[in-house]
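Chains as they are written, first to last, in the UniProt record's numbering: chain R, 1 to 198; chain Z, 1 to 259; chain S, 1 to 399.
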Amino acid sequence: MIPRTFSAIAALLVVALLPSAATAHKLREQGVVVTIADSALTVAPPRDWNRLDGNIGKHVETWTLDGGQLNDLTFFAGIEPGKPLVRERSKKREPLPRFSASTLLVELPELFEATYRSAKELADFRVTEVQPTRFLERDGVLFRYEYVDPDELTRKGEAHAAIISGRLYMISFDAPRLHYFDRNIEDYRRIAQSARLP
Amino acid sequence: MRALFGLMAAAVLCGAIISVPAQAQERSAVRPGFVLPPQSGKKILLLRPSVRVAEQSTGGMAEPRAEWTDQARENIDAALAELQRQLGNTVIAAPEAYGEDARRVAEHQALFAAVSRAVIEYQFFVGNRLPTKKRDNKAGQFDWSLGPDVGKLPGADQADYGLFLLTNDHYGSTGRKMLQIVGLVAGVGVTSGVHAGYAGLVDLKTGDLLWLNADGQMGGDVREPDGAMKRVRQLLEDFPGSAIPKEVAVAEAGPEAKP
Amino acid sequence: MIARYRLALASLALALASSVQAEPALPPPYAGAYQPQGVDEQGLWREMDEEERRYSQSDIMIRDQALNAYVRKVLCDTVGHDRCGATRVYVVRAPVFNAGMYPNGMMEVFSGLLLRVRSEAELGAVLGHEFGHFEARHSLKGLMARRSGGDAMAWAFVLANLAPTYDVVRTYRDLQLTIIGNYFRFSRDQEREADALGIAYLNTSTLRPQAAAQVWERLIGEYQADALSKGLKKPRLDRVAFYATHPPQVERATTLALLARPDGATRDDGAERYRAALAPWLPQLLADQIKLNDFGASEYIIQSLAETGWTAPLWHARGELYRMRGAPRDLVNAAEFYGQAIALDPVHAEAHRGLGLSLLKTGQRAPGQQALRRYLTLKPDAPDARMIGLMIPQEMSEP
Chain R
1 MIPRTFSAIA
11 ALLVVALLPS
21 AATAHKLREQ
31 GVVVTIADSA
41 LTVAPPRDWN
51 RLDGNIGKHV
61 ETWTLDGGQL
71 NDLTFFAGIE
81 PGKPLVRERS
91 KKREPLPRFS
101 ASTLLVELPE
111 LFEATYRSAK
121 ELADFRVTEV
131 QPTRFLERDG
141 VLFRYEYVDP
151 DELTRKGEAH
161 AAIISGRLYM
171 ISFDAPRLHY
181 FDRNIEDYRR
191 IAQSARLP
Chain Z
1 MRALFGLMAA
11 AVLCGAIISV
21 PAQAQERSAV
31 RPGFVLPPQS
41 GKKILLLRPS
51 VRVAEQSTGG
61 MAEPRAEWTD
71 QARENIDAAL
81 AELQRQLGNT
91 VIAAPEAYGE
101 DARRVAEHQA
111 LFAAVSRAVI
121 EYQFFVGNRL
131 PTKKRDNKAG
141 QFDWSLGPDV
151 GKLPGADQAD
161 YGLFLLTNDH
171 YGSTGRKMLQ
181 IVGLVAGVGV
191 TSGVHAGYAG
201 LVDLKTGDLL
211 WLNADGQMGG
221 DVREPDGAMK
231 RVRQLLEDFP
241 GSAIPKEVAV
251 AEAGPEAKP
Chain S
1 MIARYRLALA
11 SLALALASSV
21 QAEPALPPPY
31 AGAYQPQGVD
41 EQGLWREMDE
51 EERRYSQSDI
61 MIRDQALNAY
71 VRKVLCDTVG
81 HDRCGATRVY
91 VVRAPVFNAG
101 MYPNGMMEVF
111 SGLLLRVRSE
121 AELGAVLGHE
131 FGHFEARHSL
141 KGLMARRSGG
151 DAMAWAFVLA
161 NLAPTYDVVR
171 TYRDLQLTII
181 GNYFRFSRDQ
191 EREADALGIA
201 YLNTSTLRPQ
211 AAAQVWERLI
221 GEYQADALSK
231 GLKKPRLDRV
241 AFYATHPPQV
251 ERATTLALLA
261 RPDGATRDDG
271 AERYRAALAP
281 WLPQLLADQI
291 KLNDFGASEY
301 IIQSLAETGW
311 TAPLWHARGE
321 LYRMRGAPRD
331 LVNAAEFYGQ
341 AIALDPVHAE
351 AHRGLGLSLL
361 KTGQRAPGQQ
371 ALRRYLTLKP
381 DAPDARMIGL
391 MIPQEMSEP
């Protein structure tokens, strides 16, 4: 029954049971400049963070303070036109929306929203604010959102994005509306401010 | 964004680590600096505990048993009150909540579940510990919180601490086999019957998690008053200020041996 | 559970010629408020009561009282007010075709179902089917039948119960990543029995029983459109749990048509009342569907809603669907659809926004900016007002 899902779970189970494979979360030290997802994008974290192990997309990496369910900071470092934001579970059957060469800055929140909705089969996702901003020393967009996750916890989020040389650069942060979002939103904003792209 | 993919993995991880021999995994922790001296007369608000008791049949299907669940709830409530009385604390049950209060309780319970998942995944499972937590942990770090909004929960103004309690039992019935898939994939056997307990003590002023005990292999048959007492003792054996003697490696006959 | 959205298609054709007696079904006499009997059932109810207590307070619920009351009314009109008294109805915000009835009388209705039925009779058909499971107490029978099961569900269920959450089973189900399937998965025969009961309720109601078959006919159409647009030859077997147990939809449609009372065909199906009741939610439900990035199914749903006449929200939704897919020809189409929306409703602010963006992207600068300017005039406090404002030349944005 359902071989695809089954083998995926089996694989996860094996990974979970190998302590050596599970130690790969990497420290991101305060003040030390690091590159993101083997791209030219760098940040200098103003406090210690953890880079979570695991690969959800070629140009994507996720940092956290307390675990992905409590604070999730994700970098999208140069998504190419024609590609989705994160890896698709099934390109054919469950395609994700794609960034394209004609995508406008003001449409990036829609792309992000549609990605979350499609990947999680969410219904309740609201973009609450879309503002012009400077990001990576270019004109960019800042947006805020709120959604109800499948674990029935309401989460809030904020993201900065810009399109540079035809590629999408974006940093997003989301956390439970209760306590966690307010507690660490400034930590996220300082990371976004420290981001550089030569 | 990672949570898109993480949730299933996390749960499988939790399941897996609980089946792994205990040395790879811790199961309880106390916030540094937190002490609860015996006979200090603190009031503890008990949030409606989730107590489920089911019979596990051959296929592993849990069949809920109403009278067991009722019995377990009564037994656990009684055991809890008795043990806290011995510790000099008073347990008060959270009042029934309505409307916005009820919604707020539900959101906090969901947050407690999320925080517990994170603690188990990223702290108790030492091999998977987050580097920031690992480093800090040399000083016995245990820094998790539900946030100060817990102070707005119904009944919170009447108490010092909040106790979240979750216990889930599946008793094996005759003929119960090992779960072969798990054994096959991981080389780990799952014992007959599932006995999981989670308990968390929260400071109702700050929301800080003062103590969490998460154990997937608990003893004590909660269907019996004695067993419930044992379970609650086990859940509370690391309870801050607790003088409850630890039940060191008492060889469990295993509830699966019982009907 | 009825059927999952985007369900499998295979073997539909096989079942066409099922042998069904054309005997209009009537429901059994109502036995009165039922109380659980025996350890299994009492345990099941207790667990569900606990679950309902928690679930009803979840953020995933739609708390609109008018909508909840309306859905409940349709259920009561269908199954009768005596039966209806045993139930609590909850409308859940989830973009999938589904509804469920729990053994203790709790019914959940997904918002994606409300988008996919067109009348009180159709909604009643689905809710009546779910109520049929309840009246026949299929959950309990399922529990007993699976006692000796040794499939993969066993360990998944155990793992699920190890994880420290108040209800992992539900989380997994909503994620649809699970092989657990539904806790209450019904057998094919049980689905047939529930279908028969559902149509029986409709037969005795004042609603048109022939509507029941339409639900499944339309669902078949949606699956076909979905598979076609994805270039799939085969159905979605990854939702195999339902594929395996639900009667194929074609068989279902045929059976339901035969069981419907012929003299009921002239009855009102409550389509207009349904449209009116759903109108405040329709734009939101359409948006929930369109943003799932499921072009074929979304287009099919919009078209089918438009059978009773195109409206501004429908044209706008279609514009959004095409603009989001974003190929050059899509943008040309989108601009036209937004234009249609504006023709019907000149103050539809979002249609002006979509029109402006589509025109800009196809190189029509001046009219595009004109449309965006109109958007800002109509909705000066839009969430993206400042961002859109930057796309309009200064002298234009200050009238």
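For every residue, glycine included, the Cβ atom is placed at its ideal position computed from N, Cα and C.
For S:L113, collect the residues of the same chain with a Cβ closer than 7 Å to its Cβ; drop the 5 residues on either side in sequence, then sort them by chain order.
Listed in chain order, the non-local C-beta contacts of S:L113 below 7 Å within the same chain comprise F97, N98, A99, V126, local neighbours out to five positions each way being set aside.
Would you mind reading off the limits of the alpha helix (DSSP H) that contains S:N333?
Segment 328–344, the alpha helix (DSSP H) holding S:N333.
From R:A24 to R:L105, what does the alpha carbon distance come to, in whole angstroms?
Approximately 35 Å between the Cα atoms of the pair.
Where does the unbroken beta strand (DSSP E) through R:W49 begin, and where does it stop?
Unbroken beta strand (DSSP E) run through R:W49: 49–51.
Verify whether the separation of the beta carbon atoms of R:L65 and R:W49 is less than 8 Å.
Yes; because the gap between Cβ atoms is below 8 Å, this pair is in contact.
For chain R, find out if any of its Cβ atoms is closer than 8 Å to the Cβ of S:R373; answer yes or no.
By this cut-off, S:R373 is not an interface position.
Z:S28: which of Z:F142, Z:K205, Z:G151 sits nearest, CA to CA?
Checked all of Z:F142, Z:K205, Z:G151; the closest Cα to Z:S28 is Z:F142.
Exposed or buried, S:H81, counting other C-beta atoms within 10 Å across all chains shown (16 or more means buried)?
The residue in question, S:H81, is exposed, as its Cβ has fewer than 16 Cβ neighbours within 10 Å.
Alpha carbons only, please: which of R:D151, R:Q193, R:Y116 is nearest the one belonging to S:D288?
The shortest C-alpha separation from S:D288 is found at R:Y116.
Cβ distance (whole Å) where Z:A110 is taken to contact R:L153 below 8 Å:
Confirmed, Cβ separation roughly 4 Å.
Per DSSP, Z:G162 is paired with what?
Under DSSP, Z:G162 takes part in a beta bridge, and its partners are Z:L45, Z:V202.
Return helix, strand or coil for Z:A113, following the three-state DSSP convention.
Helix, per DSSP.
Assign R:I171 to one of three DSSP states: helix, strand, or coil.
The three-state reading of DSSP puts R:I171 in strand, counting E and B together.
Candidates S:G231, S:L321, S:L285: which alpha carbon is nearest R:L111's?
Of the candidates S:G231, S:L321, S:L285, S:L321 places its Cα closest to the Cα of R:L111.
Counted within 10 angstroms of its Cβ, other Cβ atoms place Z:G41 as buried (16 or more) or exposed
So Z:G41 counts as exposed.
Is R:P176 near R:R155, with beta carbons less than 8 Å apart?
Note that the C-beta distance between R:P176 and R:R155 is below 8 Å.
With H, G and I counted as helix, E and B as strand and the rest as coil, what does DSSP make of R:I163?
The DSSP-derived three-state label of R:I163 is strand.
Mapping DSSP to helix, strand and coil, what is Z:N213?
Residue state, collapsed to three classes: strand.
Can you give the Cα-Cα distance for S:A94 and S:R54, rounded to whole angstroms?
If I take the Cα positions, the gap works out to 18 Å.
Within 8 Å of any Cβ in chain Z, is that where the Cβ of R:E94 sits?
Closer than 8 Å to the CB of R:E94 there is not a single CB belonging to chain Z.
Could you say which of S:L359, S:P103, S:E350, S:M324 lies nearest to S:E336 if we only look at CA atoms?
If we check each option's Cα against that of S:E336, S:L359 comes out closest.
Would you please verify whether the beta carbon of S:N98 is less than 8 Å from any beta carbon of chain Z?
No - not a single Cβ of chain Z is within 8 Å of the one on S:N98.
When the cut-off is 8 Å and only beta carbons count, does R:Q30 lie next to chain Z?
At least 8 Å separates the CB of R:Q30 from every CB of chain Z.
DSSP bridge partner residues for R:E152 (one or two, in chain order):
Partner residues in a beta bridge of R:E152, as assigned by DSSP, do not exist.
What residue range does the alpha helix (DSSP H) around S:A69 cover?
Run containing S:A69: 65–79, per the alpha helix (DSSP H) assignment.
Just to make sure I have the definition right: I need the residues of chain R whose C-beta is within less than 8 Å of the C-beta of Z:E121. Which are they?
By Cβ distance, chain R contributes G67.
Would you list the residues sitting across from Z:V30 in a DSSP beta bridge?
Z:V30 pairs with Z:W211.
Whole-Å CB distance - S:R88 paired with S:F131, under 8 Å assumed
No, S:R88 and S:F131 are not in contact; Cβ-Cβ is about 12 Å, not under 8 Å.
If you follow the beta strand (DSSP E) that R:A77 is in, where does it begin and where does it stop?
From DSSP, the beta strand (DSSP E) with R:A77 extends over 72–79.
Quick check: is the beta carbon of S:S111 nearer than 8 Å to any beta carbon in chain Z?
Not closer than 8 Å to any Cβ of chain Z, the Cβ of S:S111 fails to qualify, so no.
Check whether the Cβ of S:G326 lies closer than 8 Å to any Cβ atom in chain R.
Yes, its Cβ sits closer than 8 Å to a Cβ of chain R.
Does the count of Cβ pairs from the region 336–355 of chain S and the region 296–309 of chain S closer than 8 Å reach three?
The region 336–355 of chain S makes no contact with the region 296–309 of chain S, as fewer than three CB pairs between them are under 8 Å.
Would you report the Cα separation of S:L344 and S:G354, rounded to the nearest angstrom?
Rounded to whole angstroms, the separation of the alpha carbons of S:G354 and S:L344 is 15 Å.
Mind checking the region 50–68 of chain S against chain R and listing, in chain order, the residues whose C-beta falls within less than 7 Å of any C-beta there?
Flagged, chain order: S58, D59, I60.
According to the Cβ coordinates, are S:A253 and S:I199 closer than 8 Å?
Not in contact: S:A253 and S:I199 (Cβ atoms no closer than 8 Å).
Buried/exposed call for S:Y30, threshold 16 Cβ in 10 Å
Classification for S:Y30: exposed.
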